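Trainee:
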Amino acid sequence: HEHPLEAAPGDDWGCDGCGQSGQLCAKRFRCAQGCDFDFCGDCYERALSGAGAPKLPPKMVLADMPSDGAFYVAQEGAITTSSVEAFLADFRAGKLERKKLSG
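This is the structure:
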């Protein structure tokens with residue numbers, strides 16, 4: 150992340166490095182410039198050491214902006230033309246779990 154991070158309170162967040170829930174993390178480091186970017190203590194230490202955060206596999210997410218911050222996450226797996234088409238078909242059919250951004 151291009152901005153400095155600072156220690157911050159809170160448990161309703163997720164680490165942008167490893168994906169771990171903030172409820173499971175002892176420490177939180179948030180972007181000092183107000184970006185929606187957080188590292189857990191482990192990822193923050195890895196970033197400071199130059200090792201960087203662990204690499205996460207790509208994930209398909211559909212943001213439904215007109216729907217009050219709703220979003221939908223595809224099942225893990227390879228991202229192919231057919232998996233994107235299936236994800237969109239499931240969205241249109243109402244088969245996906247609706248999640249909502251907090252804030």
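Under this note's numbering, the first residue of the sequence shown is numbered 150, with each subsequent residue one higher.
Using N, Cα and C, we set each Cβ at its ideal position, and we do this for glycine too.
These numbers were taken from a predicted model, which means no experiment stands behind them.
Would you kindly check if the distance between the Cβ of Leu-154 and the Cβ of Cys-174 is under 8 Å?
Mentor: no
Trainee: Cβ atoms of Gly-159 and Cys-189: under 8 Å apart, would you say?
Mentor: no
Trainee: In the DSSP assignment, find the beta strand (DSSP E) that holds Asp-187 and state where it starts and stops.
Mentor: 187 to 189
Trainee: Let's see if you can read the secondary structure: which residues bound the alpha helix (DSSP H) around Ala-235?
Mentor: Taken as a continuous stretch (DSSP letters only), the alpha helix (DSSP H) holding Ala-235 covers 230 to 241.
Trainee: For Ala-157, which residues from the same chain have a beta carbon less than 8 Å from its beta carbon, with the 5 sequence-adjacent residues on both sides left out?
Mentor: Arg-177, Phe-178, Arg-179, Asp-187
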